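Structure, as structure tokens:
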Amino acid sequence: MDTNDHTFLFSPPDDKLLLTSRRVHLRRLYDVLQLSMQRGDIERARRAWAILARCKEVSWKTSWTLSIGLLDHFGHKTESSPAKIDYLRMMMLQFPEGKEQILSELVHLYILAGRHREALDELEFSLPSFPYHDNPVLHIYAGICSVFAAQFSAGGFAGEDDMQRVDSEMLDRAQIFFERAKSLDQDNIVVDSLLSMVSMSLETSRTQANRSWRPRVLRKEHLR
Numbered sequence: 002m003d004t005n006d007h008t009f010l011f012s013p014p015d016d017k018l019l020l021t022s023r024r025v026h027l028r029r030l031y032d033v034l035q036l037s038m039q040r041g042d043i044e045r046a047r048r049a050w051a052i053l054a055r056c057k058e059v060s061w062k063t064s065w066t067l068s069i070g071l072l073d074h075f076g077h078k079t080e081s082s083p084a085k086i087d088y089l090r091m092m093m094l095q096f097p098e099g100k101e102q103i104l105s106e107l108v109h110l111y112i113l114a115g116r117h118r119e120a121l122d123e124l125e126f127s128l129p130s131f132p133y134h135d136n137p138v139l140h141i142y143a144g145i146c147s148v149f150a151a152q153f154s155a156g157g158f159a160g161e162d163d164m165q166r167v168d169s170e171m172l173d174r175a176q177i178f179f180e181r182a183k184s185l186d187q188d189n190i191v192v193d194s195l196l197s198m199v200s201m202s203l204e205t206s207r208t209q210a211n212r213s214w215r216p217r218v219l220r221k222e223h224l225r
């Protein structure tokens, strides 16, 4: 059988390798996997991947995005899920070479799930070190999470007296993250919009803080 006389629908990462009879079967199985995912037949896709992941020719670690895709289509849903978050946390340990990209995806899922504090904790732990420190996307995520944290604090979970102080602190941190992202990616117009939004929010927050402080001073003077 001429192993070069074959037509495949999809190309795996190692499609430039010389075809053998075994690789032809693996390529067919890869086609089944991808076609099943596109058709929404996730159970068939998972069975195909379960076979491929056990083959020595397939690097299941570098194919982590494919595994996420299988989890992502569970129940025909595309939102975040605990299963995907747990899987990515495991992959950060199993595949350190791809940790930067995995961290970005993990933080994205945390944000989709509304778990902004956990996302911010992950980022604050990693951002001071290389290569994360030079990743503008991670700094944008950190700024967004800080904005959400500021809104959360201002929603009544902080004490009434220090509500504005907590809000301003988180917004200041968001501004720092956005400014770092801007320095790394100066042509990013999204960062410009985020910086403008934070600046306006900080100005509003400080104005409200001054207004809420002045009546208290007046009341104390009237009591004397």
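Residue numbers (my numbering): 2 to 225. Where is the CB? At the ideal position from N, CA and C, for every residue including glycine. These numbers come from a predicted model, not from an experiment.
Inter-residue spacing [alpha-carbon to alpha-carbon] between residue i and residue j
i             : j              : result
threonine 205 : valine 199     : 10 Å
leucine 113   : threonine 21   : 43 Å
leucine 34    : glutamine 152  : 43 Å
leucine 104   : histidine 26   : 34 Å
glutamate 106 : cysteine 56    : 26 Å
serine 32     : isoleucine 177 : Looking at the sequence shown, residue 32 is not serine but aspartate. Near 46 Å, if we compare the C-alpha coordinates of isoleucine 177 and aspartate 32.
proline 129   : glycine 41     : 41 Å
aspartate 135 : arginine 23    : 42 Å
arginine 47   : proline 97     : 25 Å
aspartate 122 : asparagine 189 : 25 Å
valine 59     : lysine 85      : 21 Å
glutamate 101 : arginine 45    : 31 Å
tyrosine 142  : serine 194     : 14 Å
Selection from the options that minimises the alpha carbon distance to residue i
i             : options                        : result
histidine 140 : Arg118, Lys57, Ser184          : Ser184
leucine 72    : Gln102, Phe96, Asp87, Arg118   : Asp87
histidine 109 : Arg55, Tyr31, Glu170, Gly144   : Gly144
serine 202    : Val192, Asp193, Ala182, Asp173 : Asp173
alanine 49    : Ser37, Trp65, Ser60            : Ser37
arginine 29   : Asp42, Gly41, Ile43, Ile52     : Ile52
lysine 62     : Ser197, Arg90, Ser147          : Arg90
proline 83    : Met171, Ile69, Leu196, Asn136  : Ile69
alanine 150   : His117, Asp135, Phe179, Glu123 : His117
tyrosine 111  : Gln95, Cys146, Val192, Asp186  : Cys146
Residue i: first and last residue of the uninterrupted alpha helix (DSSP H) it sits in
i             : result
glutamine 35  : 22-40
glutamate 119 : 117-127
histidine 140 : 137-153
valine 59     : Here valine 59 belongs to no alpha helix (DSSP H), and DSSP marks it neither H nor E.
proline 83    : 83-95
alanine 51    : 43-53
glutamate 106 : 100-113
Whole-angstrom C-beta distance between residue j and residue i, which should lie under 8 Å
i           : j             : result
alanine 120 : valine 148    : Going by Cβ atoms, the distance from alanine 120 to valine 148 rounds to 12 Å, so no, they are not a contact pair.
proline 132 : alanine 182   : No, proline 132 and alanine 182 are not in contact; Cβ-Cβ is about 15 Å, not under 8 Å.
glycine 115 : tryptophan 65 : Not really, about 24 Å apart at Cβ, beyond 8 Å.
leucine 196 : glutamate 170 : Wrong, their Cβ atoms sit about 17 Å apart, outside the cutoff.
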